[in-house]
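Trainee: In our numbering, the protein residues as written are 150 to 735.
We put the beta carbon where it would ideally sit given N, CA and C, even for glycine.
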Amino acid sequence: MALLQRAIETYDTLDTLGFVGVYEADKTPLAPIAHWLTAPNIDITIDLEGNFLSVNQVDTKTKGKFIFPVTESSLGRTSGISPHPLCDQLDYFLDSCPKKRQPYMDQLFAWEQSSYTHPIIQAVYKYLQKNTIEQDLLSLTKKYTGKDMVRWIVYGVDEPCCWKNHELFESYIHYIQSEKTEKSLCMLTGDLSRPAEQHSKGIVAMHGNAKLISANDTSNYTFRGRFKSGDEALSISYLASQKAHNAIKYLTDNHSINIGKRFFVCWNPQGDEVPQPSLPFLTPSEPILTMTDYSNALSKKLFGWTNTFDFSSIAVVAVFDAATNGRLSVTYYSELQATDFAERLCYWDETCAWWNGRYGIQSPALRKMAQIVFGTYRERDNMGWFECDDNVLKVLKQQLQRLLVCRIEKALFPYDIVQALVFRCERLYLYSRNIREDLLFVTCAAIRKYYYDHKKEVIQLSLDPEKKDRSYQYGRLLALMEKAERDTYDGDEGREPNAMRLLPIFTQRPLYATKSIIEQLKKAYFPQLRPPLRIWYDRQIGEIFTILDSLNTPGYDAPLNEQYLIGYYLQKQNMYTKKNKEVEEE
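Structural data, given as structure tokens:
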């Protein structure tokens with residue numbers, strides 16, 4: 150109920166702002182009540198006397214969807230015969246399909262004879278009475294079918310295109326509201342109004358036959374046994390139903406993210422812009438290089454957002470999916486005060502932040518995190534990416550919703566996500582350079598978030614050489630051993646250092662793997678290093694072993710935990726930063 154009430158509020162706001170029935174570039178328009186949207190195929194142009202002028206086939210890819218009037222039964226039609234009032238499939242106009250043509254003509258005649266008629270309606274009726282449409286279509290160059298959607302252009306009125314004529318919209322709205330006069334209590338608005346007999350389908354793209362509210366109240370799981378009639382179980386007015394469904398379609402078409410046919414949408418019913426929960430709250434134009442600056446930038450952005458919101462403003466998050474062809478479900482719904490919503494997004498970004506290479510400190514997008522965890526790795530020309538086929542998308546959409554709930558509701562970060570990311574990192578040598586950077590960025594951010602949520606530990610984004618953590622120190626050691634071997638390579642060699650190739654063993658038996666790697670380093674690579682550099686590596690490795698000895702941790706060769714990646718990343722960053730500074734000074 151709350152979703153539909155917020156959708157009605159959204160429709161009323163957009164109506165006040167003048168968005169109803171207005172076409173915007175690259176956007177689906179908001180249909181007025183008693184109207185719907187579909188893709189056109191054929192334009193037929195006539196004059197006010199119903200004389201044929203021209204016919205053209207429409208490129209649906211460039212023209213987008215158009216607004217056309219509907220009835221309750223025609224909007225929900227499947228295989229049955231139920232004509233739309235004006236624009237419809239070609240079969241409804243052809244004399245060769247009398248079962249469809251006659252109901253259409255009878256319905257159009259009733260509108261044309263009413264006090265709410267319009268010159269466009271009169272012209273179309275005159276034209277169709279001549280029954281020349283099949284002959285007129287012979288001028289088309291491409292093949293057409295009876296399923297092609299036809300719309301009308303009538304010259305002689307201020308707005309000849311029927312899908313843009315607001316007077317025609319209002320004419321039909323008044324006409325259809327005058328048809329039925331019975332009233333009942335609307336459970337959404339509390340008003341006495343004409344009840345809806347059916348509700349719109351196809352409000353979410355890619356689920357064309359799915360309904361949010363079913364009108365099947367006479368079989369299977371229904372009201373029987375509890376109420377005398379279906380209206381006692383749920384009664385929604387026609388006006389409320391139309392506003393709610395049209396608003397949801399507008400939102401899902403224009404402001405949603407589609408993952409595996411699951412649609413994630415976030416909006417403000419008062420028409421204000423709200424930050425999207427699946428994206429980082431902060432996207433700085435310049436790299437941020439300290440956590441203090443990052444926190445200040447977040448606070449500044451949050452202050453800017455909260456100042457734009459009224460105290461009563463809310464942020465609504467809804468997720469739609471369809472388990473079957475005919476049923477649309479709301480898999481998640483939340484509404485918060487807009488200021489509280491922005492604060493929660495800011496909180497996530499501050500606790501789930503890490504170094505993103507040359508872009509500085511950032512928080513990873515939720516979709517990127519989910520794709521890295523569950524996607525299939527692909528590579529071409531030394532550039533990698535994570536691909537998500539239909540089977541992966543079924544999992545991805547569920548996991549993205551999990552992360553979304555964590556962010557919006559301040560739920561604890563799931564450890565299985567951390568485990569999956571850490572497992573990927575144990576095989577860094579399998580990935581291209583660009584993916585390694587992304588993988589480490591997302592994984593370290595997830596580790597940092599997990600430790601803050603579950604252990605209240607704030608992992609610093611700067612190297613701590615004295616940190617009393619076994620896994621952290623082994624991670625530092627891994628970075629040193631990798632860098633020492635790479636320093637002997639000529640240019641950008643493609644081969645991987647021993648430290649990388651033995652990484653899966655290193656994480657399970659660090660002492661054993663370290664001895665093997667160091668033996669290889671001292672035998673084959675240290676002699677190739679300049680003496681000052683060799684001495685520096687020896688000293689750094691020795692200092693780490695001294696710290697490890699002082700810890701007296703039981704199980705000296707036990708598997709490492711995820712903290713080794715934090716130590717690895719920060720040590721590696723520290724070394725490359727020093728090297729870049731030395732080059733600049735020279």
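#1: Leaving out five residues before and five after L166 in sequence, what residues of the same chain have Cβ atoms less than 8 Å from its Cβ?
#2: Judging by CA-CA distance, which residue of K329, W312, M440 and Q609 is the nearest neighbour of P189?
#3: Who pairs with W185 in a beta bridge, going by DSSP?
#4: Can you name the start and end residues of the alpha helix (DSSP H) that I584 belongs to?
#5: Curious, which full-length beta strand (DSSP E) runs of at least 3 residues does the segment 198-258 contain?
#6: Take every Cβ of the segment 178-197, pair it with every Cβ of the segment 212-219, and state whether three or more of those distances are shorter than 8 Å.
#7: Looking at the unbroken alpha helix (DSSP H) that takes in S390, where does it start and where does it end?
#8: Does the structure place the segment 626-638 close enough to the segment 681-691 that three or more beta carbon pairs sit under 8 Å?
#9: For L447 and F460, which I take to be in contact (beta-carbon distance under 8 Å), what is that distance rounded to the nearest angstrom?
#10: From the DSSP secondary-structure annotation, give me the bridge partner or partners of L341.
#11: Excluding five sequence neighbours on each side, which residues of the same chain lie with their C-beta closer than 6 Å to the C-beta of I696?
#12: With DSSP as the reference, identify every bridge partner of S483, one or two as the case may be.
#13: Could you check what DSSP says for Y526 in three-state terms: helix, strand or coil?
#14: Counting only the same chain and skipping the five closest in sequence on each side, list residues whose C-beta sits under 8 Å from that of C246.
#15: Do the segment 511-524 and the segment 469-487 touch if we need at least three Cβ pairs shorter than 8 Å?
#16: Apart from the five residues on each side of it in sequence, which residues of its chain come closer than 7 Å, Cβ to Cβ, to I557?
#17: Measure the Cβ-Cβ separation of F242 and V303 and say whether it is below 8 Å.
#18: Beta-carbon within less than 7 Å of K214's beta-carbon, same chain only, minus the 5 sequence neighbours each way: which residues are those?
#19: Can you give the Cα-Cα distance for V353 and I362, rounded to whole angstroms?
#20: Cα-Cα, which of H603, L542, N505 and L627 is closest to R585?
#21: Where does T726 fall in DSSP's three states?
#22: May I have the straight-line CA-CA distance separating R658 from R625, to the nearest angstrom?
#23: Helix, strand or coil for I362 per DSSP?
Mentor: Let me spell this out:
#1: G420
#2: W312
#3: F217
#4: R582 to K604
#5: 201-206 and 215-218
#6: yes
#7: Y387 to N403
#8: yes
#9: Not really, about 22 Å apart at Cβ, beyond 8 Å.
#10: L334
#11: Q622
#12: V466
#13: strand
#14: D240 and G295
#15: no
#16: P426, V466, S483 and R493
#17: no
#18: T177, L186, T187 and A188
#19: 13 Å
#20: N505
#21: helix
#22: 16 Å
#23: coil
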